[in-house]
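Working notes, structure below.
In my numbering, the protein residues as written are 10 to 234.
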């Protein structure tokens, strides 16, 4: 049953009040989604690139997605030849945010990276993940073009927890050495990850080597990179 609100006689200012109400609802919708397919950019708070990769901080990331979708990603296991290559990549939607930015959740695409699962492929609990920030930007009002200066995130995982430490340290040593030699090494740090409220462990948050990587260093040449 539809309910229609009426008044005995039109009141002055009613049209203006309606317009204000519509604008307020639209603004509230934008705040909830924190992004827009109509090219509304998010003014992300600090830290942004490259400080987001500061190795002395431990960030906390959150993913929220359909439980069946998460299981599909976990079990998107590599094929036998080569043993660490995903034969058919499954990319599924999720809401993503960082601790302290619960009001800035965005819709992203998540897929499993190549490599083995922990503790094993039979009962996978932890896998490497690629998070595509702007996958749904053109079609979903809850998506964004970038996140703190990045368009993609690469969360690396190793079976041995000590390898997580050594890999992150190696990334930072490589980056510092590259700068000394005039190169362009990538940044990395460590993050905690929760999926649907469940703690999944520590990951190496390695800067994705893509066009955005080149743009940040002013070495991207359109149609030639």
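Using N, Cα and C, we set each Cβ at its ideal position, and we do this for glycine too.
query, result
"Checking 7 Å against the spacing of the C-beta atoms, do residue 118 and residue 100 come in under that value?", "yes"
"Give the straight-line distance between the Cα atoms of residue 227 and residue 220, rounded to the nearest whole angstrom.", "10 Å"
"Exposed or buried, which one is residue 132 when buried takes at least 16 other CB atoms within 10 Å?", "exposed"
"Rounded to the nearest angstrom, how far is the Cβ of residue 116 from that of residue 107, given a contact under 8 Å?", "With 8 Å as the limit, residue 116 and residue 107 do not qualify as a contact, their Cβ atoms being about 15 Å apart."
"Where does residue 218 fall in DSSP's three states?", "coil"
"What's the gap between the Cα of residue 143 and the Cα of residue 156?", "9 Å"
"Going along the chain, which residues of its own chain have a beta-carbon closer than 7 Å to the beta-carbon of residue 79, five neighbours each way excluded?", "204, 205"
"In whole angstroms, give me the CA-to-CA distance for residue 215 and residue 123.", "15 Å"
"Counting only the same chain and skipping the five closest in sequence on each side, list residues whose C-beta sits under 7 Å from that of residue 146.", "46, 152, 153, 154"
"Roughly how many angstroms lie between the CA atoms of residue 213 and residue 110, to the nearest whole one?", "20 Å"
"Taking 6 Å as the limit between beta carbons, can you name the residues of its chain near residue 126, skipping five residues before and five after?", "133, 136"
"Tell me which same chain residues have a C-beta within less than 6 Å of the C-beta of residue 217, skipping the five on either side of it?", "161, 163"
"May I ask you to check if the CB of residue 158 is nearer than 6 Å to at least one heavy atom of the ligand SAM?", "In the structure shown, the ligand SAM is absent, as is every other ligand, since no ligand is present at all."
"CA-CA distance, residue 69 and residue 198?", "12 Å"
"From the DSSP output, in three-state form, read off residue 79 for me.", "helix"
"In the structure shown, what three-state DSSP assignment does residue 60 receive?", "helix"
"Rounded to a whole number of angstroms, what is the C-alpha to C-alpha distance between residue 51 and residue 159?", "12 Å"
"Quick one: Cα of residue 114 to Cα of residue 167, how far?", "28 Å"
"Let me know the secondary structure DSSP gives residue 227 once reduced to three states.", "coil"
"Would you kindly check if the distance between the Cβ of residue 130 and the Cβ of residue 86 is under 7 Å?", "yes"
"Using DSSP bridges, identify the partner residues of residue 163.", "139, 215"
"Can you tell me whether residue 73 is helix, strand or coil according to DSSP?", "strand"
"What residues are listed by DSSP as bridge partners for residue 115?", "105"
"Suppose you measure from the CA of residue 231 to the CA of residue 128; what does that come to, to the nearest Å?", "42 Å"
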